[in-house]
Amino acid sequence: MSSIALLGNPNTGKTSLFNTLTSSYEYVGNWAGVTVEKKVGDLKNGAGTLIDLPGIYSLHPLSRDEGVATQYLLEESPEALVNIVDASQLERNLLLTVQLLEYGRPTVIGLNMIDVANARGIKVHPDVLQSKLGVNVLPLVARTGKGSAQVLSMLENSADIPAVNFKLDYGLIVEQAISSIERELSQEIGLPNHRWVALQLLEKNPVILEFLKGRADTDKLLAIRQNCQNELQNSKLAHTLPQWIRSIRTDYIRSLCLDALDTSGLKPHNLTERLDSILTNRYLGLPIFLAFMYVLFKTTFEWVGAPLSDLLDGLISGPISSGAASFLDTAGASDFVHALIIDGIIGGVGGVLVFVPQIFILFLIISFVEDSGYMARVSLVVDSIMERMGLNGKAFIPFIIGFGCNVPAVMAARSIEQPKERMLTTLLLPLMSCSARLPVYLLFAAVFFPENQAAVIMTMYALGVVFALLLCKLFSKYLFKNESSVFVIELPPYRMPQLKSLSRSTWEKGKGFLRKAGTIILAGSAIIWIMSYTGPAGLNVDMDSSFLAKFGGLVAPLLQPLGFGFWQAGSTLVPGFLAKEVVVSTMNIIYHAPEAAGLEAQISQAFTPLSSVSFMVFILLYTPCLATVGVIKKETASWKWTFFSIAYAVVLAYLVSLVIYQGGRLLGWA
Amino acid sequence: MIASVCHLLQLQPGSAGAIQGIEGMDPVLRRRLADLGVSEGCTVCLKGKGPFMGPVMLECNGQLLAIRRKEASKIVVNVS
Chain A
1 MSSIALLGNP NTGKTSLFNT LTSSYEYVGN WAGVTVEKKV GDLKNGAGTL
51 IDLPGIYSLH PLSRDEGVAT QYLLEESPEA LVNIVDASQL ERNLLLTVQL
101 LEYGRPTVIG LNMIDVANAR GIKVHPDVLQ SKLGVNVLPL VARTGKGSAQ
151 VLSMLENSAD IPAVNFKLDY GLIVEQAISS IERELSQEIG LPNHRWVALQ
201 LLEKNPVILE FLKGRADTDK LLAIRQNCQN ELQNSKLAHT LPQWIRSIRT
251 DYIRSLCLDA LDTSGLKPHN LTERLDSILT NRYLGLPIFL AFMYVLFKTT
301 FEWVGAPLSD LLDGLISGPI SSGAASFLDT AGASDFVHAL IIDGIIGGVG
351 GVLVFVPQIF ILFLIISFVE DSGYMARVSL VVDSIMERMG LNGKAFIPFI
401 IGFGCNVPAV MAARSIEQPK ERMLTTLLLP LMSCSARLPV YLLFAAVFFP
451 ENQAAVIMTM YALGVVFALL LCKLFSKYLF KNESSVFVIE LPPYRMPQLK
501 SLSRSTWEKG KGFLRKAGTI ILAGSAIIWI MSYTGPAGLN VDMDSSFLAK
551 FGGLVAPLLQ PLGFGFWQAG STLVPGFLAK EVVVSTMNII YHAPEAAGLE
601 AQISQAFTPL SSVSFMVFIL LYTPCLATVG VIKKETASWK WTFFSIAYAV
651 VLAYLVSLVI YQGGRLLGWA
Chain B
1 MIASVCHLLQ LQPGSAGAIQ GIEGMDPVLR RRLADLGVSE GCTVCLKGKG
51 PFMGPVMLEC NGQLLAIRRK EASKIVVNVS
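Residue numbers (the UniProt record's numbering), protein chains in the order written: chain A, 1 to 670; chain B, 1 to 80.
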């Protein structure tokens, strides 16, 4: 089995190619086309595995995400590389290609987006590139799959891909330094191409330096580097060594493009410019974005989501529930098993499954925004607001993804270049209402605010964003030392997302929810039901004297000032920490309501409109779920910050709910 | 027409200039701009200015990108 690495700039269609070349597919977290972690898939022809690495502009990483690719090239030795380049952005893309060719492994170049290039009046000659670079160059349209069969057949036998013999002349001074570094490294085994390592070292690539520490005499290597730079400066060739290396490469690429590229017929981005003049307009940009968000919520929760949910609810509480009941009766199941399956499992899991349509519609819209190119514009539109809060507009993209699920959102924060901004984004992301909190809002909004469901739900989402921004200001002022905020974002041209990729990415995002319904929520429902069925007095006890009631009763007094100091509310909060979806399924079990209408009636008895708001806010703000805590730990690599993210959330939730409930009472809203 | 030197922010939206120098910019940002192909000698076009003193949109080699105004003011361009 051979392993083949797939590399390229962001937004070049790497993931599309990966999908068409491999049969299995693991979603890891993707925004605006950026893969966040390396993904591994099996090649369709069984020739080996393909590794999809994060999109990078060069091997020198600026964000954490980008370090993954260099690390991979250093530590693993792929049989071959597939470098995907964007034909409409050839000059920029070739910078990475040069670095990859210097790596010296057999390489295939996939010249993607030739359709886009042609439409813009750019003519690329693959044959010229192929002969000048000395590697195979295959024209592609990855979005439609055109040309990917050739790539696949080329990878069939990776041993047959010709070795790369690519060498740029970096001038006498640098070449001498390269030779002395190569001499230093000659004893080291397990290193990739020494010339490549030497060049990356001269470029001051931090990943390479870290890797060489403990393996080689880094002091000596750094001394060679410093000498080389001094000589360059003395001979007035360049300011710094990386600049010199870059300029050699750029000159080479320019001369290459003169032969391989014909841009004489270049046309401007007409459609994109016209759209941008409206969507990122200095006056209209923000109102359009807000209107868009409003439509998003309206569609998800009222126009399309709610009718579908009702349909599903009717199916689960009707035919499915009664079907299962009559099956159990025929099978002669005991009362315990009967109650466990009907009340515990179908009631609990079913109560959450009815929200699947809303969640999938939300994910569909998020995928559409990602694929269309509007996501990058959103960060441009909100940047000036975010900057005032101590973040940059790029952090807004993880925030929007957080509306779907906080876990990929935390990972998406990796693409933010500055460590401080990345940390702040990670810490504040749990304040974004993920799809798991949605069922709670939907339930309570339907009971107490049936006229204004979308408005109430949107307010909850907005509240999360407002608190995130306020806390951001606070944290960036007191917790982090001043580090400048930088903002630079590539704006891809607008394009109409393809139905196929849209449905795939929606499914990939949404299936996590279904998987949770089948595992955590199923197990949680069963446990909660058993706790409600049993008590100190034995089995089948009255709910009020069950273990669940006892347990909820312990928490209840603390919640009294918030307006929901009864055991039923208290006992939803702890399982809610495991997964917030469990909150609603717990309620289904506690209120013994197999269908939505029954639960709504019970809830309208237990809560008042004011306490329902207080409860929703508490669910919105209190601790991220266990999975999110897990990724926060992984991303921050610090228990201190992980605990901090839990603690501030609990304190905030308590304080805000307290203010809402007590304030509301003072105003006479009880 | 006589060539004149100014910084990027002073360009009229829709007009272009050749980058003469980039001074005093955050090194991280500068590297990223270079990765995107924005460096001395290339032509940039100021496409538009974002809302509320927000970022400006640029085009360089057919690539659209956005940076903040204060950073754009550190790019000196030559308009001919």
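We put the CB at the ideal spot given by N, CA and C, even for glycine.
Inter-residue Cα distance where the pair is residue i and residue j
i, j, result
"A/P10", "A/W303", "35 Å"
"A/A5", "A/V85", "14 Å"
"A/P609", "B/L65", "47 Å"
"A/E184", "A/L221", "8 Å"
"A/V34", "A/L559", "The predicted position of A/V34 is uncertain, since its pLDDT is 45 and thus under 50; a value taken from the coordinates is nonetheless stated next. Rounded to whole angstroms, A/V34 to A/L559 spans 43 Å at the Cα level."
"A/F449", "A/I397", "30 Å"
"A/S484", "A/F564", "44 Å"
"A/T263", "A/G190", "43 Å"
"A/S77", "A/L53", "14 Å"
"A/F166", "A/M293", "50 Å"
"A/S88", "A/P126", "13 Å"
"A/P492", "B/D35", "15 Å"
"A/Y27", "A/P557", "In this predicted model, A/Y27 has a pLDDT of only 48, less than 50, meaning its place in the structure is not dependable enough to derive any value."
"A/F18", "A/A69", "16 Å"
"A/V369", "A/M375", "6 Å"
"A/G552", "A/S532", "11 Å"
"A/L554", "A/P536", "15 Å"
"A/K132", "B/R30", "30 Å"
"A/N30", "A/D371", "Because A/N30 sits at a pLDDT of 41, beneath the cut-off of 50, its placement in the model cannot be relied upon, and the following sentence gives the value as read from the coordinates. So the alpha carbons of these two residues sit roughly 10 Å apart."
"A/N540", "A/S604", "26 Å"
"A/L471", "A/L428", "8 Å"
"A/N392", "A/F399", "12 Å"
"A/Q71", "A/E156", "26 Å"
"B/P51", "A/Y283", "6 Å"
Host alpha helix (DSSP H) of residue i (start-end)
i, result
"A/S180", "172-185"
"A/I278", "270-279"
"A/L101", "90-102"
"A/M587", "581-590"
"A/G214", "No alpha helix (DSSP H) contains A/G214, which DSSP labels as neither H nor E."
"A/E508", "499-518"
Same chain, Cβ closer than 6 Å to residue i, neighbours up to 5 away in sequence not counted
i, result
"A/R422", "A413, I416"
"A/Y591", "L599, Q602"
"A/M154", "V108"
"residue 676 of chain A", "Given a span of 1 to 670 for chain A in the structure shown, any question on residue 676 of chain A remains unanswerable."
"residue 722 of chain A", "Residue coverage of chain A in this structure runs from 1 to 670, which leaves residue 722 of chain A outside it and unanswerable."
"A/K420", "F480, E483"
"B/P13", "L46, G48"
"A/A653", "F618, L621, Y622"
Cβ shell of residue i (< 8 Å), same chain only, five flanking positions each side left out
i, result
"A/Q662", "P561"
"B/V5", "Q20, V76, V77, N78, V79"
"A/S158", "S2, I4, A47, G48, E79, A80, P106"
"residue 674 of chain A", "With chain A covering only 1 through 670, there is no way to say anything about residue 674 of chain A."
"A/L578", "I520, G524, C625, L626"
Any non-hydrogen atom of the ligand GTP within 8 Å of residue i CB
i, result
"A/G402", "Looking at this structure, you won't find the ligand GTP or any other ligand, since it has none at all."
Nearest-angstrom beta carbon gap, residue j and residue i [assumed within contact, 8 Å]
i, j, result
"A/P139", "A/N406", "Not quite, the Cβ-Cβ distance comes to about 40 Å (not below 8 Å), so this is no contact."
"A/S277", "B/G48", "7 Å"
"A/A177", "A/I224", "5 Å"
"A/I589", "A/G347", "6 Å"
"A/S367", "A/S505", "4 Å"
"A/P61", "A/V207", "6 Å"
Span of the beta strand (DSSP E) around residue i
i, result
"A/S326", "That residue, A/S326, is in no beta strand (DSSP E); its alpha helix (DSSP H) goes 321-331."
"B/C42", "B/C42 -> no beta strand (DSSP E), and no H or E assigned at all."
"A/R52", "Looking at the sequence itself, residue 52 of chain A is Asp, so the reference to Arg does not match. Here the beta strand (DSSP E) through A/D52 covers 48-52."
"B/Q20", "16-22"
"A/T107", "107-112"
"B/C60", "56-60"
"A/K39", "39-42"
"A/P624", "Careful: A/P624 lies outside any beta strand (DSSP E) and carries neither H nor E."
"A/A637", "Element bounds for A/A637: n/a, residue is neither H nor E."
"A/A80", "80-86"
Own chain, CB closer than 7 Å to residue i, minus 5 neighbours either side, in chain order
i, result
"A/V584", "G351, V352, P439, V440, L443"
"A/P430", "N406, P624, T628, S645, A649"
"A/S247", "A238"
- Query: Between the region 455-473 of chain A and the region 623-642 of chain A, do at least 3 Cβ pairs fall closer than 8 Å?
  - Reply: no
- Message: Taking 8 Å as the cut-off, does the region 308-323 of chain A touch the region 352-364 of chain A (at least 3 CB pairs, one atom from each stretch)?
- Response: yes
- Task: Would you check if the region 374-392 of chain A and the region 324-344 of chain A touch, i.e. whether three or more CB-CB distances between them fall below 8 Å?
- Result: no
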